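Just below is one structure, and these are the notes that go with it.
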Amino acid sequence: MPTPEERIGTVEFDLRQFKTETIKAYSDMAYEMVIIKGLGEDSIKRLATLTGRVENIENQLEAMRTENNQRFDTIESMLAQILNRLPEK
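The sequence shown begins at 3 in this note's numbering and counts up one residue at a time.
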């Protein structure tokens, strides 16, 4: 059976080892959190850029839709004038 001094020595060794492992685990976790934070910030920047691009595309599509509607209205008006000039059968 180990003596009290040996038992205390074992406990102290185990505590030092636990402290070393805990510090290493904390350091690894802190490193990974920094990486996650960086990735999150980068993702937010990319989302903001994409949002701006999507808004720009939406504006362009709306302008094209308005232009096409005006052209269709003009074509319909011209077609109505042509049909009015044609004799009925």
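Backbone N, C-alpha and C fix where the C-beta goes; we use that ideal spot for every residue, glycine too. These numbers come from a predicted model, not from an experiment.
Under the three-state reduction of DSSP output, Met3 falls in the coil class, being neither helix nor strand. DSSP, reduced to helix, strand and coil, places Glu60 within a helical segment of the structure shown. If you draw a straight line from the Cα of Asp16 to the Cα of Met31, it comes to about 22 Å.
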